[in-house]
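Note sheet for the following structure.
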Amino acid sequence: MPPSTQNDQSITGVLERIIYFNEENAYCIAELQVSDSIRPVTVLGALPGVQCGETLQLDGQWTRHPQHGDQFKIAQFKSQLPASVHGIRKYLGSGLIHGIGKSYAKKIVDHFGADTLQIISEDSGRLHEVPGIGKQRAKSIKAAWDEQSAVRDVMMFLQTYGVTPSQCVRLVKKYGSGAKRILQDEPYRLAEDIDRIGFKTADKIALNLGFPTNSKERIDAGVLHTMRQLEDEGHTLGTETMILEHATQLLSLEPALIQGRIRTLEQAGSLFGIQAYDQNQELLGPAYQLPGTAGSEKRIAEAIARIAHTASILPQIKIEAAVEWAQARAGFTLAEQQAAALRNTLAAKVSIITGGPGTGKTTILRAVVDILKAKRARISLASPTGRAAQRLAEASGAEASTIHRLLKYDGATRSFTYNEENPLPCDFLILDETSMLDTRLAASLFQAIPSGAHLLLVGDADQLPSVGAGNVLGDLMAAPPAKVTRLNIIYRQGKESGIVTTAHAILQGETHPGMTFRSLRDLDAGRDFTFIEAEQPEQSVQAIKYLAKEYIPKAHNIDPIRDLQIMSPMHRGSGGITVLNQELQQVLNPKSKAESRMRSDPDYAPATQTHFRETTRKPLPVEIEYGSHTFRIGDKVIQTRNNYDKNVFNGDTGIIKAIAADRSGLTIEFDTQVEYTKGELSEIQHAYAISIHKSQGSEYPVVIIPLLKQHFLLLQRNLVYTGITRARRKVYIVGSLDAYAMAIKNNEQQVRRTHLQTRLRKACEQRSQ
């Protein structure tokens, strides 16, 4: 009988059966045959790289499960190869070694007995003695044994130095048998090569391995990590002062040591040195960029200068006549700002139109497209996200696509089909939602534009900047050669809109949102902007759940999963994205609703799944667990990184349509249906609630935004402005009036340090000479 004490215990036995094993984090539920126990003991915890038949020494605690009884919870373990004939037979018969199944395992162990593993390892030629094993099979068995031994050795080695089981799994998947050598010689590579292993984890491993705190490897890794951190904050460069400040704090070393390694990294080509300037072109001093980022900025500047200084390939357009024709076609006279924007767009090779909601951007876009169509020009329209591309198509009356799809990513070469050598077949490119455009994607797009083509960039400069590094729209507006038109007058289509008027009031710093409600019973569905007071996070969450499940579907006749979007400033906290997603999943898509959906809607039970159910008579799964997440059929999810192989990109949202019968993966409907294995589920998250940053470029019928004092670190004017301008029909802000005022007062946006303006000026000067 297991001891009742909760103190750490140790048990040793042979691993008899693996009941459950998670490939991602090596979490295992298994049965261990302990020598002094009649029945196997149930053990649970991380057991990377183990196989049935091994002898395991487990440290941990006994627990009691109300249904399954006594279980041993593993804290750490040690493993040794089986010594008994029974253990060896079980070990080899587990499928561990390619070429040895249960049948051959029995034959080999019957022939060699307790010496079996030694024979395979040191004298594999003797395997010929076993009937049915020829030269080729013996060679295959030996190779598989050596590979498994190396992996096993790596697993045990890694755990010795503080690497968690889930990290062990990722390392071995990446490096295979070479993981041990890389870890010993280049531990800081882990931070660059392995997803979810950052500098701090790699540093911990390296220090455990005996690397000095002032080693050049550690300082170099710290500096490069600092550069990546600065890029994560939106900068494309780090001034020497910025780098030393960050790296000194990270490494706890003297700045002089770090400064010396910065110079060495520059000489080695790992950093690109420049002289940086601020927004007023005042010298900031020496600065550095990562080579890839420096190259992207250089390509942007050269491409823009090339386009601007090349003659137009458009058919001749009489601009004033074209403006009059567009007005007659539209049935109304353009306002002066709008007419000026249209003239600039038709005249300039590179032009920019920027303005908030209701200022006429859509009207101008439609006019430009109509004129170009009449001239039979080849027009390409694009936007950074799928939703934004769909809106652009609706607004312009022409086909539009995402940038990635426009450039046609080629999975075989891992590059875009359209590039500088193979430019896009277009005479005029229109890019909408340009505020979302980051430096790397901008470089790929602008390079692919033919020299004789025109480029029109449309965006709202007051919105949040791009998630990726850079300030592309702002830099192109501030430096030559683009012709910029700023729209700041609200025209008749926006004057009656509470969303539009509130958005512009926010830009003017007005800190009261207008009419507010303290009771959910008093809501007015006729207003398109509503503020609901809820001081505490818990109150806010309860109000949002009520709105999402009960009020909004009836008041606005929408599907709350597809057409409603909750957007929060923060991920953490009781009113953050993580909690909201958990709560909203339970009210909008509980397990019972997912089961009902699959039974009644054939879209959620593909033919292969139905065939499985009919042939096995087993119920189809409606959910799959991954880490702390439970994904269900019908869940709204968001892609969190670019996956070019699947043609799915960061920010794309979709609906889970099917769970694999064996729970090995799932299918998500985006524009098309895309399959994910369980190992790829790290790329998706629930999307009932998302960040306001992730909402950029999208527009939703109804939006809910929680604004709470606990969000104070992120509350700023352009955040709220971006959030409410994502709504097409209705905005609900749920939270504190003080938090709202705090956000509107905070207009101190972080300045993004870039070198693009300087590069643009230089590139244009060179073209003009």
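So for the sequence shown, UniProt numbering puts the first residue at 1; every next one is plus one. Note that CB positions come from ideal geometry on N, CA and C, so glycine has one too.
Residues near residue i in its chain [Cβ-Cβ closer than 6 Å; skip 5 each side]
{"i": "Arg152", "result": "Gly49"}
{"i": "Gly723", "result": "Met567, Ile692 and Ile705"}
{"i": "Glu231", "result": "Ala469"}
{"i": "Arg663", "result": "Pro621 and Ile624"}
{"i": "His309", "result": "Arg767"}
First through last residue of the beta strand (DSSP E) which encompasses residue i
{"i": "Gly284", "result": "In the sequence under discussion, the amino acid at residue 284 is Leu, which differs from the Gly named in the question. Start and end: Leu283 to Gln289."}
{"i": "Arg378", "result": "Element bounds for Arg378: n/a, residue is neither H nor E."}
{"i": "Cys28", "result": "Tyr27 to Val34"}
{"i": "Gln71", "result": "Gly69 to Gln80"}
{"i": "Ser691", "result": "Ala689 to Ser691"}
{"i": "Leu455", "result": "His454 to Gly459"}
{"i": "Gln685", "result": "Ile684 to His686"}
{"i": "residue 770", "result": "Not covered by the structure: residue 770. The range shown for the chain is 1 to 769."}
Residue i, enclosing alpha helix (DSSP H) - first and last residue
{"i": "Cys52", "result": "Counting along the chain, Cys52 falls outside any alpha helix (DSSP H), and DSSP gives it neither H nor E."}
{"i": "Gly498", "result": "Gly498 to Leu507"}
{"i": "Ser103", "result": "Lys102 to Phe112"}
{"i": "Pro255", "result": "Pro255 to Gln267"}
{"i": "Lys318", "result": "First-last for Lys318: undefined, no H or E at that position."}
{"i": "Gly723", "result": "Arg717 to Ile724"}
{"i": "Tyr91", "result": "Val85 to Leu92"}
{"i": "Leu365", "result": "Lys361 to Ala374"}
Cβ-based neighbour list, residue i, same chain, cut-off 8 Å, excluding 5 preceding and 5 following
{"i": "Lys106", "result": "Arg89 and Gly93"}
{"i": "Glu699", "result": "Arg387, Ala388, Arg391, Arg726, Ala727 and Arg728"}
Length of the line joining the Cα atoms of residue i and residue j
{"i": "Ala367", "j": "Pro384", "result": "22 Å"}
{"i": "Leu714", "j": "Ser695", "result": "16 Å"}
{"i": "Arg562", "j": "Arg761", "result": "45 Å"}
{"i": "Arg137", "j": "Ser121", "result": "15 Å"}
{"i": "Ala75", "j": "Val85", "result": "29 Å"}
{"i": "Asp8", "j": "Thr530", "result": "56 Å"}
{"i": "Ala763", "j": "Ala256", "result": "35 Å"}
{"i": "Arg752", "j": "His571", "result": "23 Å"}
{"i": "Arg599", "j": "Lys173", "result": "38 Å"}
{"i": "Pro425", "j": "Thr502", "result": "41 Å"}
{"i": "Leu707", "j": "Leu719", "result": "11 Å"}
{"i": "Gly234", "j": "Ser466", "result": "8 Å"}
{"i": "Ala395", "j": "Thr363", "result": "8 Å"}
{"i": "Thr354", "j": "Lys361", "result": "8 Å"}
{"i": "Phe612", "j": "Leu620", "result": "Low local confidence applies: a pLDDT of 49 at Phe612 is under 50, so the model's placement there is unreliable, and no value is given."}
{"i": "Leu681", "j": "Asp603", "result": "21 Å"}
{"i": "Asp475", "j": "Gly292", "result": "19 Å"}
{"i": "Glu16", "j": "Gly132", "result": "27 Å"}
{"i": "Phe21", "j": "Leu564", "result": "37 Å"}
{"i": "Thr333", "j": "Gln769", "result": "42 Å"}
{"i": "Ser124", "j": "Lys139", "result": "8 Å"}
{"i": "Arg759", "j": "Ala328", "result": "42 Å"}
{"i": "Val223", "j": "Pro212", "result": "16 Å"}
{"i": "Val109", "j": "Ala46", "result": "29 Å"}
{"i": "Gln249", "j": "Tyr277", "result": "25 Å"}
{"i": "Ile490", "j": "Phe199", "result": "49 Å"}
{"i": "Lys646", "j": "Ala400", "result": "20 Å"}
{"i": "Glu129", "j": "Ile29", "result": "37 Å"}
{"i": "Val648", "j": "Gly411", "result": "12 Å"}
{"i": "Ala347", "j": "Arg170", "result": "54 Å"}
{"i": "Val674", "j": "Thr640", "result": "15 Å"}
{"i": "Ala150", "j": "Leu381", "result": "53 Å"}
Beta-carbon proximity list for residue i, same chain, < 7 Å, skipping 5 on both sides
{"i": "Leu666", "result": "Ile624, Phe631, Ile656, Ala658, Ile659, Ala660 and Tyr676"}
{"i": "Ser444", "result": "Leu407 and Phe416"}
{"i": "Ala294", "result": "Phe272"}
{"i": "Gly654", "result": "Val637, Ile668, Glu669 and Phe670"}
{"i": "His504", "result": "Gly356 and Ile490"}
{"i": "Tyr91", "result": "Gln51, Cys52, Gly53, Glu54 and Pro82"}
{"i": "Arg717", "result": "Ile506, Ala743, Ile744, Asn746 and Asn747"}
In DSSP terms, what residue i is bridged to
{"i": "Asp410", "result": "Ser415"}
{"i": "Ala658", "result": "Thr667"}
{"i": "Lys483", "result": "Ser351"}
{"i": "Gln447", "result": "The partner list for Gln447 (beta bridge, DSSP) is empty, contrary to what the question assumes."}
{"i": "Lys730", "result": "Val702"}
{"i": "Asn643", "result": "Val648"}
{"i": "Val674", "result": "Ile668"}
{"i": "Tyr626", "result": "His629"}
| task | Just list the alpha helix (DSSP H) runs in the region 537 to 614, keeping only unbroken ones of 4 residues or longer that don't cross its boundaries, in chain order. | result | As far as the region 537 to 614 is concerned, its whole alpha helix (DSSP H) runs of at least 4 residues are 537 to 546, 552 to 556, 577 to 588 and 591 to 600.
Whole beta strand (DSSP E) elements within the region 734 to 758, 3-residue minimum:
Along the region 734 to 758, the beta strand (DSSP E) does not occur as any fully enclosed run of 3 or more residues.
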